[in-house]
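Visitor:
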Amino acid sequence: MDFLYLCTRAVQEHRKVTNRLRLAGLVAFVIPVLVIAEPLSETGSLQLGLEHPDFIRLLESQVEGARGELIKSQSWANPELELSREEAGDETETGVWLHQPIDFSGRRRLDQDTSEMKIRVAEAGNELQRVERIADIRRSFYQALFHQQKQQLFAQWVDRFSSVEADMRKREAAGDVSGYDRLRISREQASVLARRRGSQAEFEAAWQQLLGKIGQENSHNFNRIDGHLLPGELPALSKVLGGADQYPVLVQRSQQAEAARLNARSVARSHIPELTFGVGHKAIDRPGADESGLMLSASVALPLFDRKQGEQQQARAKAIQAESEYQLASQQLRAEIRSLWTKADQTSTNARLFSEQNVAPSFELVRIAEASYDANEIGVLELIDAYRSALDAEISALTLAIDARLVRIDLDAMTDGIRP
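In this text, residue positions in the sequence shown follow the working numbering: the first is 71, and each later residue adds one.
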């Protein structure tokens, strides 16, 4: 008996130790996740999105392609090696030539300047892509924040209806309210609960889309979004317009126009032909005598018929086109800035005023309706109407805030207003 007792005790102790070890392992796994998980801010999401390895490689590859064009323009044309052998009777003539074309027109220097300008065009294009990526990430961030706050709002109202329903159940049991009133509140709670589930699905979709854009699809580093929907103070229109020439979209257009002008100057010298110099050695082998000597040559194409008129006209036309596109883009940008600035100002003001003038008064109406219902001055339908009005006011405030934020993001993207 003592042996069986000891064996049983040993098994029990072993199970306790095993369970403790399993629990310790679970805690060791869960605690790091809980410690690491933190709110995702707008700045953090932008930093992760801009530091995404694929995005960095994309930008680098575009600049490297332009640098390759520069290396190409800096390289000399390859020399040409010519070998000849001629036999006539007992005489054999052998020749070795090395020909090297040389450009005296100055096109090579202009081509290098054009290639260097194309590097700056690529860098400006990268900056434009960077600004567009910032705007894309910010849109996803604030869409996710909007759905998160909307989902939290429905959760608060579900809790509120649960509390009201529980109170009505007690009052129904005491005979203070009818079963009809309690059922109407229960139906309203079920309706809000359904809207909460739909809002939760929208938030999860927006959350996953945001995580995908910043390269955090399989990460558990973040548990929620931290931010404010309503945008901050709008900069003065004069200040926004004053720096328009430095905005990436116009910088890129300006540099494209400059590259086209440099290319037109280069093509304008294309009628000047290249000179090809040659140096060689000739050896003559005949019976009783061997002779050899140095040979020099120079050749040039005569521009009698083709003076590259067509290429020059095309290059000039492209330069004029690029300059015209820059001027039109500048005018259009300023017009769009004025339009978006006005819209951003009005939508932000509207969202702020609606929140001040409707949300708080709606909750005051709820307080009055609840007091009136308790005093039997109004019915349950009027009480539900007050609840609905307060909920709709809060949802409308969130909707106006996200609309104002998205307009502000469009303005910032056009004016490069966000640089984390």
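We put the beta carbon where it would ideally sit given N, CA and C, even for glycine.
Could you tell me the distance, in whole angstroms, from the CA atom of Val-97 to the CA atom of Ala-107?
Guide: Taking the first residue of the sequence shown as position 1, residue 97 is located at position 27. Taking the first residue of the sequence shown as position 1, residue 107 is located at position 37. Interpretation of Val-97 is limited by its pLDDT of 42, a score under 50 that renders its predicted location unreliable; no figure is taken from the coordinates.
Visitor: Could you give the distance in angstroms between the alpha-carbon of Asp-124 and the alpha-carbon of Arg-200?
Guide: Here residue 124 refers to the residue found at position 54 of the sequence shown. Here residue 200 refers to the residue found at position 130 of the sequence shown. In a straight line, the C-alpha of Asp-124 is about 13 Å away from that of Arg-200.
Visitor: For the pair the stretch 469-480 and the stretch 414-430, tell me if three or more CB-CB distances fall below 8 Å.
Guide: Touching, yes.
Visitor: For Val-321, I'd like the list of residues in its chain whose CB is within less than 6 Å of its CB, leaving aside the five on either flank, ordered along the chain.
Guide: Translated into the one-based positions of the sequence shown, residue 321 becomes position 251. Closer than 6 Å at Cβ, skipping near neighbours: Ala-194.
Visitor: Can you give the beta carbon distance from Ile-407 to Val-319, rounded, assuming they're within the 8 Å contact cut?
Guide: Walking along the sequence shown from the start, residue 407 turns up at place 337. Walking along the sequence shown from the start, residue 319 turns up at place 249. The pair is not a contact, with the Cβ atoms about 11 Å apart (cut-off 8 Å).
Visitor: Hey, Glu-393 and Ala-327 are a contact pair by Cβ (cut 8 Å); roughly how many whole angstroms apart?
Guide: Stepping through the sequence shown from its first residue, residue 393 is reached at position 323. Stepping through the sequence shown from its first residue, residue 327 is reached at position 257. Sure, about 5 Å apart at Cβ, within 8 Å.
Visitor: Could you give the residue range of the beta strand (DSSP E) that holds Pro-171?
Guide: In the sequence shown, residue 171 corresponds to position 101, counting from 1. 161-172 is the extent of the beta strand (DSSP E) around Pro-171.
Visitor: Below 6 Å CB to CB, which residues in the same chain sit around Thr-417 once its five sequence neighbours on both sides are set aside?
Guide: Reading the sequence shown from its first residue, position 347 is the one you call residue 417. Result list for Thr-417: Asp-473, Ala-474 and Val-477, in chain order.
Visitor: Would you call His-217 buried or exposed, if buried means 16 or more other Cβ atoms sit within 10 Å of its Cβ?
Guide: Stepping through the sequence shown from its first residue, residue 217 is reached at position 147. Flag for His-217 reads buried.
Visitor: Have a look at Ile-284 and Ser-340 and give me their C-alpha separation to the nearest angstrom.
Guide: Walking along the sequence shown from the start, residue 284 turns up at place 214. Walking along the sequence shown from the start, residue 340 turns up at place 270. In a straight line, the C-alpha of Ile-284 is about 49 Å away from that of Ser-340.
Visitor: Can you round the beta-carbon distance between Arg-252 and Glu-235 to whole angstroms, since I take them to be within the 8 Å contact cut?
Guide: Working through the sequence shown from its first residue, we reach residue 252 at position 182. Working through the sequence shown from its first residue, we reach residue 235 at position 165. That belief holds up - the Cβ atoms of Arg-252 and Glu-235 are roughly 7 Å apart, short of 8 Å.
Visitor: Considering only their Cβ atoms, is the gap separating Ser-269 from Phe-224 smaller than 7 Å?
Guide: For the purposes of this step, residue 224 is identified with residue 154 of the sequence shown, where counting begins at 1. For the purposes of this step, residue 269 is identified with residue 199 of the sequence shown, where counting begins at 1. Going by C-beta atoms, Phe-224 is nearer than 7 Å to Ser-269.
Visitor: Answer with buried or exposed for Arg-179, where buried requires no fewer than 16 other C-beta atoms within 10 angstroms of its C-beta.
Guide: Here residue 179 refers to the residue found at position 109 when the sequence shown is read from its first residue. So Arg-179 counts as exposed.
Visitor: Using alpha carbons as the reference points, say which of Ala-456, Arg-209, Glu-157 and Asp-480 lies closest to Glu-112.
Guide: Within the sequence shown, the letter at position 42 stands for residue 112. Ranking Ala-456, Arg-209, Glu-157 and Asp-480 by Cα distance to Glu-112 puts Arg-209 first.
Visitor: Using the Cβ count rule (16 or more neighbours within 10 Å means buried), how would you classify Val-370?
Guide: Residue mapping note: residue 370 aligns to position 300 of the sequence shown, counting from 1. It counts as exposed.
Visitor: Taking C-alpha atoms, which residue in Ala-214, Gln-222, Ile-141 and Gln-384 lies nearest to Glu-464?
Guide: As a first step, residue 464 is located in the sequence shown; it is residue number 394 there, counting from the start. It is Gln-222.
Visitor: Below 8 Å on the Cβ atoms is my contact criterion, and I expect Glu-344 with Ile-172 to pass it. Report the Cβ-Cβ distance as a whole number of Å.
Guide: As a position in the sequence shown, residue 344 is number 274, starting the count at 1. As a position in the sequence shown, residue 172 is number 102, starting the count at 1. Confirmed, Cβ separation roughly 7 Å.
Visitor: Along the alpha helix (DSSP H) that carries Lys-388, what are the first and last residues, could you check?
Guide: As a first step, residue 388 must be located in the sequence shown, where it is residue number 318. Residues 379-424.
Visitor: Out of curiosity, what's the CA-to-CA distance linking Arg-254 and Val-429?
Guide: Position 184 of the sequence shown, counted from the first residue, corresponds to residue 254. Position 359 of the sequence shown, counted from the first residue, corresponds to residue 429. Each residue's alpha carbon lies about 24 Å from the other.
Visitor: Classify Arg-267: buried if its beta carbon has 16 or more other beta carbons within 10 angstroms, exposed otherwise.
Guide: To locate residue 267, count along the sequence shown from 1; it is residue 197. That one is exposed.
Visitor: Can you tell me the Cα-Cα spacing of Leu-410 and Glu-287, whole angstroms?
Guide: Working through the sequence shown from its first residue, we reach residue 410 at position 340. Working through the sequence shown from its first residue, we reach residue 287 at position 217. Going by the C-alpha atoms only, they are around 33 Å apart.
Visitor: May I ask you to report which of helix, strand or coil DSSP gives Val-100?
Guide: As a working mapping, residue 100 is identified with position 30 in the sequence shown. Confidence at Val-100 is low in this model, with a pLDDT of 43, below 50, so the placement of that residue should be treated as unreliable; the coordinate-derived value is given next. The answer is helix: DSSP assigns Val-100 an H, G or I state.
Visitor: Within 10 angstroms of its Cβ, does Asn-446 collect 16 or more other Cβ (buried), or is it exposed?
Guide: The count along the sequence shown starts at 1 and reaches residue 446 at position 376. Flag for Asn-446 reads exposed.
Visitor: Suppose the cutoff is 7 Å on Cβ atoms and the five residues either side in sequence are ignored; what does the same chain contact list for Glu-263 look like?
Guide: Taking the sequence shown and counting its residues from 1, the one referred to as residue 263 is at position 193. Looking at the sequence provided, one finds Leu at residue 263 rather than Glu. These residues qualify, in order along the chain: Val-228.
Visitor: Could you tell me which residues DSSP pairs with Val-349 in its beta bridges?
Guide: Counting from 1 along the sequence shown, the entry for residue 349 is found at position 279. BP columns for Val-349 point to Leu-168 and Leu-366.
Visitor: Determine the contact status of Arg-404 and Ala-314, defining contact as a CB-CB distance below 7 Å.
Guide: Within the sequence shown, numbered from 1, the residue matching residue 404 stands at position 334. Within the sequence shown, numbered from 1, the residue matching residue 314 stands at position 244. Contact: yes.
Visitor: Could you check which residue in Glu-202, Ala-441 and Ala-467 has the C-alpha nearest to that of Asp-486?
Guide: Taking the sequence shown and counting its residues from 1, one reaches residue 486 at position 416. Nearest C-alpha to Asp-486: Glu-202.
Visitor: List the endpoints of the continuous beta strand (DSSP E) containing Ser-115.
Guide: Taking the sequence shown and counting its residues from 1, the one referred to as residue 115 is at position 45. Not the beta strand (DSSP E): Ser-115 falls in the alpha helix (DSSP H), residues 112-120.
Visitor: For Leu-398 and Asp-415, I'd like the C-alpha separation in whole angstroms.
Guide: The residue given as residue 398 occupies position 328 in the sequence shown. The residue given as residue 415 occupies position 345 in the sequence shown. Roughly 26 Å separates the two Cα atoms.
Visitor: Within the stretch 239-293, note down every full alpha helix (DSSP H) run reaching 4 residues or more, in order along the chain.
Guide: As far as the stretch 239-293 is concerned, its whole alpha helix (DSSP H) runs of at least 4 residues are 249-283.
Visitor: What does DSSP give as the partner residues of Glu-202 in its beta bridges?
Guide: Here the question's residue 202 lines up with position 132 in the sequence shown. Glu-202 pairs with nothing; no bridge assigned.
Visitor: Using a 10 Å radius around the Cβ and a threshold of 16 neighbouring Cβ atoms, would you call Asn-63 buried or exposed?
Guide: No information on residue 63 is available, as it lies outside the stretch 71 to 490 that the chain covers here.
Visitor: Between Gln-170, Glu-157 and Glu-139, which has its C-alpha nearest Leu-366's C-alpha?
Guide: As a position in the sequence shown, residue 366 is number 296, starting the count at 1. Among Gln-170, Glu-157 and Glu-139, the Cα nearest to that of Leu-366 is on Gln-170.
Visitor: Just mark Ser-131 as buried or exposed, buried being the case when its beta carbon has 16 or more other beta carbons within 10 Å.
Guide: In the sequence shown, the residue the question calls residue 131 occupies position 61. Classification for Ser-131: exposed.
Visitor: Mind checking which residues open and close the beta strand (DSSP E) that includes Leu-151?
Guide: Translated into positions along the sequence shown, residue 151 becomes position 81. Where Leu-151 is concerned, the enclosing beta strand (DSSP E) stretches over 150-158.
Visitor: Using beta-carbon positions only, say whether Leu-153 and Val-166 come within less than 7 Å of one another.
Guide: Your numbering for residue 153 matches position 83 in the sequence shown. Your numbering for residue 166 matches position 96 in the sequence shown. Contact: yes.
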